[in-house]
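Numbering (the numbering used here), first residue to last: -9 to 160.
The beta carbon of each residue, even a glycine, is placed where N, CA and C say it ideally should be.
If you want it as structure tokens, here you go:
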């Protein structure tokens, strides 16, 4: 049975302002640069146009840095390919994301909504983790989701830092 979790990043900026940042390749490079303090990361592909945004990120987690329970299943450094896609700018922006690990024992992904609030906007990420290994699967799923929340928090902080350094005009 898969485990699910939601995370909401709240911004004092409008949907068009946050979306404008997300259409800028420099924003993604800055966000990845911030994430490099945790592990090697890079932008593999990026495309933004009037139809939306597509981004592919690679995260490399050294096996030695994985929790012991994960090391029992994963024998090499973990290379995670994360793909995100977002709809065109509108009153609400919707998207989806998934993360894959070659020969990985499960799946990780979810949906994203960027919507207006009274104080700015919220980026809500709903995630689902499923590990197909009896006995340790539920523990790994929970571990993945807890680590995702930490990742999403760091990415939200990087987004705020980007917007503060690059004040949006929209």
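Buried or exposed (CB count within 10 angstroms, at least 16 for buried), residue 143: exposed
Beta carbon of residue 38 nearer than 9 Å to that of residue 120: The answer is no: Cβ separation not under 9 Å.
Backbone CA spacing between residue 28 and residue 82 [nearest angstrom]: So the alpha carbons of these two residues sit roughly 31 Å apart.
Status (buried if at least 16 other CB within 10 Å, exposed otherwise) for residue 35: exposed
Best match in 88, 47 and 110 for proximity to residue 21 [C-alpha to C-alpha]: Residue 21 has its Cα closest to that of 47, out of 88, 47 and 110.
Beta-carbon contacts of residue 24 that lie in its chain and below 6 Å, excluding the five residues immediately before and after: Here the set comprises 148.
Rounded distance between the beta-carbons of residue 10 and residue 158, thought under 8 Å: Yes, they are in contact, since the Cβ atoms of residue 158 and residue 10 sit about 6 Å apart, within 8 Å.
Spatial neighbours of residue 52 in its chain, beta-carbon cut-off 6 Å, leaving aside the 5 residues before and after: 67
Heavy atom of the ligand ADP within 8 Å of residue 42 beta-carbon: The ligand ADP is not part of this structure, which contains no ligands at all.
Residues near residue 135 by beta carbon distance below 7 Å, same chain, minus five either side: -7, -5, 117 and 119
Beta-carbon gap between residue 97 and residue 71 smaller than 9 Å: no
Pairwise C-alpha distance: residue 18 and residue 152: Between residue 152 and residue 18, the alpha-carbon positions lie close to 10 Å from each other.
Same chain, Cβ closer than 6 Å to residue 69, neighbours up to 5 away in sequence not counted: The beta carbon of residue 69 sits closer than 6 Å to the beta carbons of 50 from its chain, once the five residues preceding and following it are set aside; these are given in chain order.
Three-way DSSP call (helix, strand, coil) for residue 59 in this model: helix
Where residue 35 sits in the DSSP three-state scheme: strand
Beta-carbon separation (whole angstroms), residue 42 vs residue -1, contact threshold 8 Å: No, residue 42 and residue -1 are not in contact; Cβ-Cβ is about 19 Å, not under 8 Å.
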